[in-house]
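For the first sequence, this note's numbering assigns the number 3 to the initial residue and increments by one for each residue that follows.
A short worksheet on the structure shown next.
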Amino acid sequence: MRYWLMKSEPDAYSIDDLARDRVTPWTGVRNYQARNFMRDQMRVGDQAFFYHSNCAEPGIVGIMEVARAAYPDETQFDKSSDYYDPAATRDNPRWVHVDVRFVKKTPLVSLAELRAHPELARMRVLAKGNRLSITPVDPAEWKFITERLM
DNA sequence: GCCAACGTTGGC
DNA sequence: GCCAACGTTGGC
């Protein structure tokens with residue numbers, strides 16, 4: 003089983019939205035690296051941190067799990083969607099996503115706190131200039147955060 | 001709102 | 001295949 007960190011802007015979709023929906027399709031990823039993580043490495047049962055980005059208090063706010071393996075993102079075919087991709091076809095979809103299931107809300111572990119711990123210094127999400135919305139989390143990092151910071 | 005960093009596009 | 005221009009991300 004692998005561990006992940008997945009970003010969402012809370013104005014668009016927050017941990018409270020997931021707590022209400024319980025399961026949601028993680029649509030709208032339009033970055034090849036992030037897509038490849040979902041397509042090639044994510045398996046049902048993998049666990050992920052829910053991270054609020056581009057907001058007043060960026061950081062980890064909850065835990066979720068992969069509920070369904072990657073399948074084509076319907077929004078790529080929808081001309082009215084912001085995520086419409088004219089290059090994608092039903093026969094040859096370009097974008098896929100997993101479904102995620104709510105596990106729990108957690109106390110906020112802020113970006114500043116993540117940066118404050120040397121044990122977490124190598125986290126991909128903390129790398130300079132990182133913009134990837136989905137990044138792997140090492141088991142040791144997951145254990146440190148869940149056991150020491152929550 | 002600013003802007004550094006990054007990914008993508010497209011002309012050549 | 002190069003790379004300048006452009007658009008997006010996301011912390012601050």
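C-beta: ideal position from N, C-alpha, C; glycine also.
All of these numbers come straight from a predicted model, not from anything done at the bench.
Enumerate in chain order the residues of its own chain whose CB-to-CB distance from residue i is below 7 Å, with the five nearest sequence positions on each side excluded.
i: F104; result: L20, A21, R24, M66
i: N132; result: R126
i: D141; result: Asp is not the amino acid found at residue 141; the sequence shown has Pro there. Cβ neighbours of P141 beyond the five flanking positions: Y5.
i: L151; result: V111, E115
i: A89; result: R96
Need the endpoints of the beta strand (DSSP E) that residue i sits in, please.
i: E143; result: Run containing E143: none in the beta strand (DSSP E); it sits in the alpha helix (DSSP H), 141 to 150.
Are the beta-carbon atoms of residue i and residue j separated by less than 9 Å?
i: R32; j: Y85; result: yes
i: I147; j: L128; result: no
i: D87; j: T29; result: no
i: V63; j: K107; result: yes
i: A114; j: V98; result: no
i: F52; j: I136; result: no
i: E149; j: R124; result: no
i: A36; j: L134; result: yes
Using a Cβ-Cβ cutoff of less than 8 Å, which residues in the same chain neighbour residue i once the five nearest sequence positions on both sides are dropped?
i: E59; result: L110, S112
i: E11; result: H54, S55, N56, C57
i: Q43; result: R4, P138
At which residues does the alpha helix (DSSP H) containing residue i begin and terminate?
i: R22; result: 17 to 23
i: L113; result: 113 to 118
Looking only at its chain, what residues have a beta carbon closer than 6 Å to the beta carbon of residue i, apart from the 5 residues adjacent to it on each side?
i: L50; result: Looking at the sequence shown, residue 50 is not Leu but Ala. The answer, listed in chain order, is W6, M8, M66.
i: P95; result: P74
i: S83; result: T77
How is residue i classed by DSSP in three states: helix, strand or coil?
i: L134; result: coil
i: R4; result: coil
i: R124; result: coil
i: R92; result: coil
In chain order, each beta strand (DSSP E) run of at least 3 residues that lies wholly inside the region 31 to 87 = 49 to 54, 61 to 74
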